[in-house]
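Asks: Residue numbers (the working numbering): 268 to 793.
Ideal placement from N, C-alpha and C gives every residue a C-beta, glycine not left out.
Okay, handing you the structure first.
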C-alpha cells in the first residue's frame with residue numbers, strides 16, 4: 268500500500284500550513300530545500316503540510332507527503348505510523364515559521380527526536396524572562412521591557428518604561444496584534460480590543476527606540492562553528508515590521524565597526540543557544556548603541572533573499588547541518604562583494620480599499636522583489652520598479668511631515684528642488700521648509716477646505732508624495748491622502764527614511780541609464 272511506511276532512515280519536515288500575511292511562501296522555500304538536502308544525504312524526506320498552493324505539497328518534492336493539519340494530534344499520529352518501520356532520525360520544525368515551532372515541546376514530551384536546535388533553546392529564545400537572563404550573561408543590551416499578565420500590570424510597566432511603547436502578544440508571527448502605543452488612552456483601547464490578557468497568554472511591552480536603524484542577521488551553525496550568512500539593514504526605521512521594511516544587503520549606512528560587532532553578538536548568541544541549523548536575530552542600532560530586539564532559532568523570511576545574494580543554498584545547508592554534517596564541509600567563508608541588493612516589499616492595498624497604507628509593527632506585505640546594482644541608490648531604484656512603483660524624474664512633490672521629522676526633511680526637499688521638482692506642502696511643513704530657504708507652495712489640508720491636497724492628487728498635479736504622521740488625529744486626517752495616492756498609482760512614502768532612499772534613487776535615474784546584469788553574473792564575482 269502507498270501508506271505503508273518504508274524501512275529506510277527517514278526525517279519528517281513540518282511545513283508552514285495555510286498562507287496568511289506574515290507566514291508565506293518564504294517558509295515553503297525552506298521546507299522544499301530541506302527535502303532536497305535530505306535526498307542528498309540519502310535520508311527519506313516526509314513532508315507534513317496542508318496547503319495546496321505550495322511547492323512543498325507537490326508530489327515530487329518529497330519522498331512521502333502527508334496532507335494533514337499541523338496540529339499536535341495529527342502530527343503525533345503520523346509519527347506513530349512512520350515509526351512502525353525504518354528509523355526515524357527526527358523532525359525538522361525550524362523551516363515552517365512559527366506554526367511547527369510551537370509543536371516542538373509537545374513532540375519532545377512524546378519522545379520524538381527534534382533535528383536541529385534543542386526545544387529548550389527554542390523556548391529560551393521565546394521566553395522573555397529566560398532570554399533576558401541570557402542577554403545579561405552575554406553582556407548584551409535590549410530595550411527596556413516587561414511582561415504583563417493583566418491590564419493593571421500593563422499600565423504599571425508602560426508607566427515605568429515611559430511612552431511610546433511597542434506592545435504585542437507573546438509567541439506570534441508577522442507582528443499580529445502588535446502596536447506602537449503613545450499614551451494611556453491608546454493603551455486602554457489596546458488592552459480592551461486587541462488582546463485577551465491572562466497568565467497563559469501575556470503581552471510583551473518594549474520601549475520604542477526612536478530614530479533607530481533595525482537589522483536582520485541570519486546565521487548558520489552546527490552547534491560549534493557559526494557562519495553569519497547575511498546582515499540586512501532596514502531602510503524604514505525601527506517600529507516598521509521587518510517583513511514590510513525595504514532592506515539592503517550588505518548594510519549601506521553602517522560603519523564596519525558596527526557590522527563587525529553585530530556579527531560578534533549574533534555568533535555569541537548562536538553558541539549560547541547551541542543553535543544547529545538557522546537562527547535569525549533582529550537588532551536595532553541607535554547612534555553607536557546596539558540593542559537586541561529578538562532572536563528566532565528558526566529560518567526567517569529573509570533566508571531566500573540572502574541565499575540569492577550569496578549564491579549559496581542556505582536552507583539546504585542548514586538541513587544538512589541538522590542531519591549531522593559539520594559546517595566545515597560546506598566551505599562557507601565571509602565574502603566581500605562589490606554589489607548591493609535591495610529587497611522591497613509588495614503590498615496588497617489595491618485589493619483592500621478600506622485599509623490604511625501606513626506602515627507599522629503589524630505585517631501587511633504579501634510579496635517582495637530584489638534590486639541589484641553596484642550602488643545603493645540604483646539598486647533601490649530597480650527595487651521600486653520591480654514592485655510596480657515608477658519613480659518620477661520631474662513634476663510636483665507633495666511633502667507633509669510630523670514635527671519630529673521636519674529637520675530631517677530639509678535635505679531630501681532641497682535635493683528634489685535641485686532635480687527640478689516643484690514642491691508643495693501643508694501649512695506647518697511649508698512654513699518650516701520656506702524658513703530654511705526652500706521654494707515651496709502651501710496647499711490646504713482636506714479639513715481646511717477646497718481646493719485641497721486630495722483634489723490636486725486626483726487632478727494629476729502631484730507625482731510624488733511624502734507623508735509622515737504622528738498621533739491618531741493626524742493619522743486619520745491624512746488617510747484620504749494616502750488612499751487617493753494609491754488609487755492614482757503615485758509613488759508615496761510614509762517614512763522619511765523611505766523618502767530619502769527614493770530621492771537618492773531619482774537622482775541616480777537622472778544621472779545614469781539602468782543596466783541589467785544577471786543574478787548568476789553577480790554570484791560569479793563572489
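Distance check for residue 786 and residue 607, CA to CA, integer angstroms please.
Replies: Translated into positions along the chain shown, residue 607 becomes position 340. Translated into positions along the chain shown, residue 786 becomes position 519. Distance between the alpha carbons of residue 607 and residue 786: 12 Å.
Asks: Based on the DSSP secondary-structure assignment, which residues constitute the bridge partners of residue 514?
Replies: The residue given as residue 514 occupies position 247 in the chain shown. 501 and 610.
Asks: Between residue 272 and residue 362, what straight-line distance do the alpha-carbon atoms span, to the nearest angstrom?
Replies: For this step, residue 272 is matched to residue 5 along the chain shown. For this step, residue 362 is matched to residue 95 along the chain shown. In a straight line, the C-alpha of residue 272 is about 23 Å away from that of residue 362.
Asks: Just checking, does the stretch 378-389 make contact with the stretch 346-362 on the three C-beta pairs under 8 Å criterion?
Replies: Verdict: yes, contact present.
Asks: For the alpha helix (DSSP H) containing residue 282, name the first residue and the last one.
Replies: As a working note, residue 282 is residue 15 in the chain shown. Segment: none, residue 282 is in no alpha helix (DSSP H) and carries neither H nor E.
Asks: Helix or strand or just coil, what does DSSP make of residue 268?
Replies: Looking up residue 268 in the chain shown gives position 1. For residue 268, the pLDDT reaches just 44, beneath the cut-off of 50, and the residue's location in the model is therefore unreliable, although a value from the coordinates is still provided. Coil, per DSSP.
Asks: Flag this pair as touching only if the stretch 495-510 and the stretch 763-770 have three or more C-beta atom pairs under 8 Å; answer yes or no.
Replies: Yes: at least three Cβ pairs fall under 8 Å.
Asks: Pick helix, strand or coil for residue 449, following the three-state DSSP scheme.
Replies: Indexing the chain shown from 1 puts residue 449 at position 182. Of the three classes helix, strand and coil, the one that applies to residue 449 here is coil, per DSSP.
Asks: Helix, strand or coil: how does DSSP classify residue 413 here?
Replies: Walking along the chain shown from the start, residue 413 turns up at place 146. Strand.
Asks: DSSP puts residue 352 in a beta bridge; with which residues?
Replies: Start at 1 with the first residue of the chain shown, and residue 352 comes out as number 85. According to DSSP, which records beta bridges pairwise, residue 352 is partnered with nothing at all.
Asks: How is the beta strand (DSSP E) around residue 793 delimited, first residue to last?
Replies: Taking the chain shown and counting its residues from 1, one reaches residue 793 at position 526. First-last for residue 793: undefined, no H or E at that position.
Asks: Judging by CA-CA distance, which residue of 309, 334 and 312 is the nearest neighbour of residue 321?
Replies: As a first step, residue 321 is located in the chain shown; it is residue number 54 there, counting from the start. Measuring from the Cα of residue 321, the nearest candidate turns out to be 334.
Asks: Under 8 Å, do residue 337 and residue 374 count as touching if we go by C-beta distance?
Replies: By 1-based counting over the chain shown, the position of residue 337 is 70. By 1-based counting over the chain shown, the position of residue 374 is 107. Going by C-beta atoms, residue 337 is not nearer than 8 Å to residue 374.
Asks: In whole angstroms, what is the alpha-carbon distance linking residue 623 and residue 630?
Replies: Position 356 of the chain shown holds residue 623. Position 363 of the chain shown holds residue 630. Between residue 623 and residue 630, the C-alpha separation is close to 13 Å.
Asks: Tell me whether residue 275 sits in a helix, a strand or coil according to DSSP, three-state version.
Replies: Indexing the chain shown from 1 puts residue 275 at position 8. Three-state result, residue 275: coil.
Asks: What's the call for residue 601, buried or exposed, on a 16-neighbour Cβ count within 10 Å?
Replies: Looking up residue 601 in the chain shown gives position 334. Exposed, because fewer than 16 other Cβ atoms sit within 10 Å of the Cβ of residue 601.
Asks: Please classify residue 316: is it buried, with 16 or more other beta-carbons within 10 angstroms of its beta-carbon, or exposed?
Replies: Counting from one through the chain shown, the residue named residue 316 turns up at place 49. Label assigned to residue 316: buried.
Asks: State the DSSP-derived secondary structure class of residue 314, mapped to helix, strand or coil.
Replies: As a working mapping, residue 314 is identified with position 47 in the chain shown. In the structure shown, residue 314 sits in a strand (DSSP, three-state: E or B).
Asks: Beta-carbon within less than 6 Å of residue 386's beta-carbon, same chain only, minus the 5 sequence neighbours each way: which residues are those?
Replies: As a first step, residue 386 must be located in the chain shown, where it is residue number 119. The residues are 371, 372 and 375.
Asks: Give me the Cα-Cα distance between residue 484 and residue 435, rounded to the nearest whole angstrom.
Replies: Residue 484 sits at position 217 when you count from the first residue of the chain shown. Residue 435 sits at position 168 when you count from the first residue of the chain shown. For residue 484 and residue 435, the distance between alpha carbons rounds to 22 Å.
Asks: Less than 8 Å between the beta carbons of residue 482 and residue 499, yes or no?
Replies: Numbered from 1 along the chain shown, position 215 holds the residue referred to as residue 482. Numbered from 1 along the chain shown, position 232 holds the residue referred to as residue 499. Result yes, Cβ atoms of residue 482 and residue 499 sit closer than 8 Å.
Asks: Based on Cα-Cα distance, which residue from 726, 752 and 447 lies nearest to residue 734?
Replies: Here residue 734 refers to the residue found at position 467 of the chain shown. It is 752 whose Cα lies nearest to the Cα of residue 734.
Asks: Counting only the same chain and skipping the five closest in sequence on each side, list residues whose C-beta sits under 6 Å from that of residue 675.
Replies: Numbered from 1 along the chain shown, position 408 holds the residue referred to as residue 675. Closer than 6 Å at Cβ, skipping near neighbours: 763.
Asks: One question on the structure: do residue 680 and residue 731 come within less than 8 Å of each other, judged by their Cβ atoms?
Replies: Translated into positions along the chain shown, residue 680 becomes position 413. Translated into positions along the chain shown, residue 731 becomes position 464. No.
Asks: Please report the distance separating the alpha-carbon of residue 409 from that of residue 535.
Replies: As a first step, residue 409 must be located in the chain shown, where it is residue number 142. As a first step, residue 535 must be located in the chain shown, where it is residue number 268. In a straight line, the C-alpha of residue 409 is about 15 Å away from that of residue 535.
Asks: Is residue 347 buried or exposed, if buried means 16 or more other CB atoms sit within 10 Å of its CB?
Replies: Indexing the chain shown from 1 puts residue 347 at position 80. Classification for residue 347: exposed.
Asks: Pull up the distance between the alpha-carbon of residue 449 and that of residue 508, whole angstroms please.
Replies: Mapped onto the chain shown, residue 449 falls at position 182. Mapped onto the chain shown, residue 508 falls at position 241. Using only the alpha carbons, I get a separation of about 17 Å.
Asks: Could you tell me the alpha carbon to alpha carbon distance between residue 757 and residue 634, rounded to whole angstroms?
Replies: Counted from its first residue, the chain shown places residue 757 at position 490. Counted from its first residue, the chain shown places residue 634 at position 367. Rounded to the nearest angstrom, the two C-alpha atoms are 19 Å apart.
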